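In numbering that gives the first Met the number 0, the protein residues as written are 0 to 576. Ideal Cβ positions, reconstructed from N, Cα and C, are used throughout, including at glycine. Note that the structure is predicted; figures quoted are calculated from it, not measured. Contents: one structure, followed by commentary.
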Amino acid sequence: MMREGECHLSKPLNPMPMPNPSRTGTTDVPHSGVVVLIGANGAGKSRMGAWIENPLSSSQHMGMGAGAGSRRAYRIGSQRQLTLPDEASRVGARTASEQLDRGNEMSGAGPSRVSGPDPAIGVLDDFRLLMNALFAQRAEIDRAYTERARQANGAAIGAPDEDPLLKLTRIWQMVFPERQLNIGDHQIRATTLSGSEYNASRLSDGERVGFYLVAQALLAPANKAIIIDEPELHLHESIQARLWDVLEQERADCTFIYITHDLAFAASRVTATKIALFDFEPAQVSALPGPNNQLGRWDWAQVPSTHGLPEDVVLRILGSRRPTLFVEGDTGSRDQKLYEILFPEYFIVPSGGHENVDKSVRAFTQQVKLHHLSPFGLIDRDDRDTAEIDGLAKRGVFVLPVAGVENLLAMPECLAAFSAHRGDDATVGKHLMDDGCRRVLAAMRRAREATIRKRAVYAIRRKLHQVASDGDGRSDVISAVNNAVIRADAGTLYDQAQAAVDEALAMLEQGTIEAILIVFRDKAILEELAAAYSLTRSDFETTMFQLLSQDQALRGALRARLPVPLQPNSRSPVAPQ
Numbered sequence: 000m001m002r003e004g005e006c007h008l009s010k011p012l013n014p015m016p017m018p019n020p021s022r023t024g025t026t027d028v029p030h031s032g033v034v035v036l037i038g039a040n041g042a043g044k045s046r047m048g049a050w051i052e053n054p055l056s057s058s059q060h061m062g063m064g065a066g067a068g069s070r071r072a073y074r075i076g077s078q079r080q081l082t083l084p085d086e087a088s089r090v091g092a093r094t095a096s097e098q099l100d101r102g103n104e105m106s107g108a109g110p111s112r113v114s115g116p117d118p119a120i121g122v123l124d125d126f127r128l129l130m131n132a133l134f135a136q137r138a139e140i141d142r143a144y145t146e147r148a149r150q151a152n153g154a155a156i157g158a159p160d161e162d163p164l165l166k167l168t169r170i171w172q173m174v175f176p177e178r179q180l181n182i183g184d185h186q187i188r189a190t191t192l193s194g195s196e197y198n199a200s201r202l203s204d205g206e207r208v209g210f211y212l213v214a215q216a217l218l219a220p221a222n223k224a225i226i227i228d229e230p231e232l233h234l235h236e237s238i239q240a241r242l243w244d245v246l247e248q249e250r251a252d253c254t255f256i257y258i259t260h261d262l263a264f265a266a267s268r269v270t271a272t273k274i275a276l277f278d279f280e281p282a283q284v285s286a287l288p289g290p291n292n293q294l295g296r297w298d299w300a301q302v303p304s305t306h307g308l309p310e311d312v313v314l315r316i317l318g319s320r321r322p323t324l325f326v327e328g329d330t331g332s333r334d335q336k337l338y339e340i341l342f343p344e345y346f347i348v349p350s351g352g353h354e355n356v357d358k359s360v361r362a363f364t365q366q367v368k369l370h371h372l373s374p375f376g377l378i379d380r381d382d383r384d385t386a387e388i389d390g391l392a393k394r395g396v397f398v399l400p401v402a403g404v405e406n407l408l409a410m411p412e413c414l415a416a417f418s419a420h421r422g423d424d425a426t427v428g429k430h431l432m433d434d435g436c437r438r439v440l441a442a443m444r445r446a447r448e449a450t451i452r453k454r455a456v457y458a459i460r461r462k463l464h465q466v467a468s469d470g471d472g473r474s475d476v477i478s479a480v481n482n483a484v485i486r487a488d489a490g491t492l493y494d495q496a497q498a499a500v501d502e503a504l505a506m507l508e509q510g511t512i513e514a515i516l517i518v519f520r521d522k523a524i525l526e527e528l529a530a531a532y533s534l535t536r537s538d539f540e541t542t543m544f545q546l547l548s549q550d551q552a553l554r555g556a557l558r559a560r561l562p563v564p565l566q567p568n569s570r571s572p573v574a575p576q
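What follows is the structure in structure tokens.
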């Protein structure tokens, strides 16, 4: 197992050159034999692959037979013609190998295996050449073995070498166990588990892709970098990782360079060096031939190891062109939907609990290579006091002005917009809002003692966690714990919690709901407000989400209450109103 930062310098194309410096100024990428280039549509992934294959591949002045000597990788483009022929042609091994390496049957090799005026987007039509090469190499191995047997005059010479067709069928059984491949005379047939046999040309799309990729990997030149554009195309998720794990092991002499937009696939290449492509700016076509005819400029960065964060999350963040906001909750939850409505310019990353939000922000801010991302966190207020809120803000984690994010929907401006949406006049609207507040007051009075207890316990636990010793000795530790216990005075903290709860209830009696939303986190708040409008909580929430999505003024008024950063690269929050 390699340690982080190590690489196999003996691997082909290592370090891997890049066409222009990265965001951190690097111009090449060391690796351990597996590289993943990942980016969204328009990030220049395929064009990067063509450049890595051959810097001259897209030159407007390179014709057939020119530039082939500058090829430094064996590239399998994303545009692949996958019609599997019924049978292979009889071609000599050398000729078949040369044709496959060229990507065509013409006599001269061009700068790229992918033919056409633009190899970055050209179609690779080489399945027939692949089949020819498979059988040609088998014939050559059989011929050489027969010659050795003849010269041995009856002496034992051992088994023949495993030819590419045998390797292909062995790997096939590992990846596609429900189909068996039968090798005939320049023909391949498939057999189902039930015994039904048919020509391999009738394999499914995914099976033909698997056949094609396995054969390409096996027949790629020795000690060469292999570029695979869209390695996940037409392959079911359940077999992608297994297929490439096997091929990487089978061709340990090669470097595998994957080009993909699939985050799950990128994360499956656990030991790979990851490169994020953010954008590509094409250059004007130069009148000068040669390597100075630049294609353009890529915005790219190597993905660093970020401990404490799943790699697919890191890749999603790097691939997003928006600032990142870590929030509480799960993927697909209503919390996430609400945040996406309120913060459309941010990339919202649900992270579970508040501790995970804090950990995620720290992981990014502590990683020098990721400072340009400037992520933030936004968590529920719960029972936090001002000191804790200020401490979190210094780390880039901001706290909502309400106990839980769902309480935002009960803000006065939301209730007013809800009544207006219903068509209520001012009198009816005020009556319904007052009725809702009376219902909430009754419910929160019933929850008073439980809320006081939760606030007091939270405060006590926080005080006890603040054990700070001035020394390492036994007496120092005892003194620190005793001081923490003194600060965590249960009676005082309970009284403070009771005062906060009673003050919120008193303010609600006077018609002001905001204090309740800060102190109480109770699903009954929205349930009682919805009941005032003769609705369920779910119906009320759904309507509010629709209003927030459609009403820019309402969205702006609610967002003005939230402690969001002034700028994506700022650590100063907007003060809640």
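TODO: Might you give, ordered along the chain, the residues of its own chain that have their beta carbon closer than 8 Å to the beta carbon of residue 300, omitting 5 neighbours on each side?
DONE: Mapped onto the sequence shown, residue 300 falls at position 301. Counting only Cβ-Cβ distances below 8 Å, and skipping sequence neighbours, we find 21, 22, 23, 274, 275, 277, 317 and 368.
Open item on the list: For residue 175, report the span of its alpha helix (DSSP H) as first-last.
Closed with: What you label residue 175 is simply residue 176 of the sequence shown in a count that begins at 1. Segment: none, residue 175 is in no alpha helix (DSSP H) and carries neither H nor E.
Task: Other residues of its chain near residue 9: CB distance less than 8 Å, five sequence neighbours each side excluded - done: Translated into positions along the sequence shown, residue 9 becomes position 10. If we look at residue 9 and ignore the five residues flanking it on each side, it has no Cβ neighbours.
Open item on the list: Contact between the stretch 128-144 and the stretch 86-104 is defined here as three or more beta-carbon pairs at a separation below 8 Å; is this criterion met?
Closed with: yes
Open item on the list: List, from N- to C-terminal side, the alpha helix (DSSP H) runs of 4 residues or more that fit wholly inside the stretch 21-93.
Closed with: 44-52
Open item on the list: List, from N- to C-terminal side, the alpha helix (DSSP H) runs of 4 residues or more that fit wholly inside the stretch 450-524.
Closed with: 473-486, 489-508 and 513-518
Open item on the list: To the nearest angstrom, how far is the alpha carbon of residue 542 from that of residue 522?
Closed with: Walking along the sequence shown from the start, residue 542 turns up at place 543. Walking along the sequence shown from the start, residue 522 turns up at place 523. Taking the straight line joining both Cα atoms gives about 17 Å.
Task: Segment limits, beta strand (DSSP E) that includes residue 126 - done: Locating residue 126 in the sequence shown gives position 127, where the first residue counts as 1. Premise fails: residue 126 lies in the alpha helix (DSSP H), 126-151, not in any beta strand (DSSP E).
- [ ] Would you tell me roughly how many angstroms separate the C-alpha atoms of residue 281 and residue 69, rounded to the nearest one?
- [x] Position 282 of the sequence shown holds residue 281. Position 70 of the sequence shown holds residue 69. So the two alpha carbons sit approximately 22 Å from each other.
- [ ] For residue 195, count neighbouring C-beta atoms within 10 Å of its own C-beta (all shown protein chains included) and say buried if the count is 16 or more, exposed if not.
- [x] If you number the sequence shown from 1, residue 195 lands on position 196. Exposed, because fewer than 16 other Cβ atoms sit within 10 Å of the Cβ of residue 195.
TODO: Go to residue 324, then tell me how far its beta strand (DSSP E) extends in each direction, as first and last residue.
DONE: Mapped onto the sequence shown, residue 324 falls at position 325. Residue 324 -> beta strand (DSSP E) spans 323-326.
Open item on the list: Quick check on the burial criterion: 16 or more other C-beta atoms within 10 angstroms. Buried or exposed for residue 235?
Closed with: Here residue 235 corresponds to residue number 236 of the sequence shown, with the count starting at 1. Result: exposed.
Open item on the list: Taking a contact to mean a Cβ-Cβ separation below 8 Å, would you say residue 11 touches residue 27 in this structure?
Closed with: To locate residue 11, count along the sequence shown from 1; it is residue 12. To locate residue 27, count along the sequence shown from 1; it is residue 28. Going by C-beta atoms, residue 11 is not nearer than 8 Å to residue 27.
Task: Close-in-space but distant-in-sequence residues of the same chain around residue 493 (CB under 6 Å, 5 per side omitted) - done: Your numbering for residue 493 matches position 494 in the sequence shown. Around residue 493: 455.
- [ ] Closer than 6 Å by C-beta to residue 164: which residues in its own chain qualify, once you throw out the five before and the five after it? Chain order, please.
- [x] Mapped onto the sequence shown, residue 164 falls at position 165. Answer for residue 164: 133, 137 and 182, listed in chain order.
Task: residue 173, buried or exposed, once every other Cβ within 10 Å from all chains shown has been counted against 16 - done: Reading the sequence shown from its first residue, position 174 is the one you call residue 173. The residue is exposed, with fewer than 16 neighbouring Cβ atoms inside 10 Å.
Task: Simplified DSSP assignment, three categories, for residue 288 - done: Here the question's residue 288 lines up with position 289 in the sequence shown. Here the model assigns residue 288 a pLDDT of 44, short of 50, so the residue's position is not dependable and the matter cannot be decided.
Task: Cβ-based neighbour list, residue 409, same chain, cut-off 7 Å, excluding 5 preceding and 5 following - done: Numbered from its first residue, the sequence shown carries residue 409 at position 410. The residues are 512, 516, 524, 525 and 528.
Open item on the list: Please tell me whether, using a cut-off of 7 Å, the distance from the CB of residue 339 to the nearest non-hydrogen atom of the ligand HEM is below it.
Closed with: The model depicted lacks the ligand HEM and carries no ligand whatsoever.
Open item on the list: Closer than 8 Å is the cut-off here; do at least three beta carbon pairs connect the stretch 473-489 with the stretch 529-537?
Closed with: no
Open item on the list: Output needed for residue 310: all residues of its chain with C-beta closer than 6 Å, excluding positions within five of it in sequence on either side, in chain order.
Closed with: By 1-based counting over the sequence shown, the position of residue 310 is 311. These residues qualify, in order along the chain: 266.
Task: Limits of the unbroken beta strand (DSSP E) element including residue 188 - done: Within the sequence shown, numbered from 1, the residue matching residue 188 stands at position 189. Note, residue 188: beta strand (DSSP E), 187-191.
Open item on the list: What does the Cβ neighbour count give for residue 197, buried or exposed, with the cut at 16 atoms within 10 Å?
Closed with: Walking along the sequence shown from the start, residue 197 turns up at place 198. With fewer than 16 other Cβ atoms within 10 Å, it is exposed.
TODO: Rounded to whole angstroms, what's the CA-CA distance from residue 62 to residue 55? Just pull it up for me.
DONE: Against the sequence shown, residue 62 aligns to sequence position 63. Against the sequence shown, residue 55 aligns to sequence position 56. With a pLDDT of only 47 at residue 62, under 50, the local geometry of the prediction cannot be trusted, and the value read off the model is given with reservation. So the alpha carbons of these two residues sit roughly 10 Å apart.
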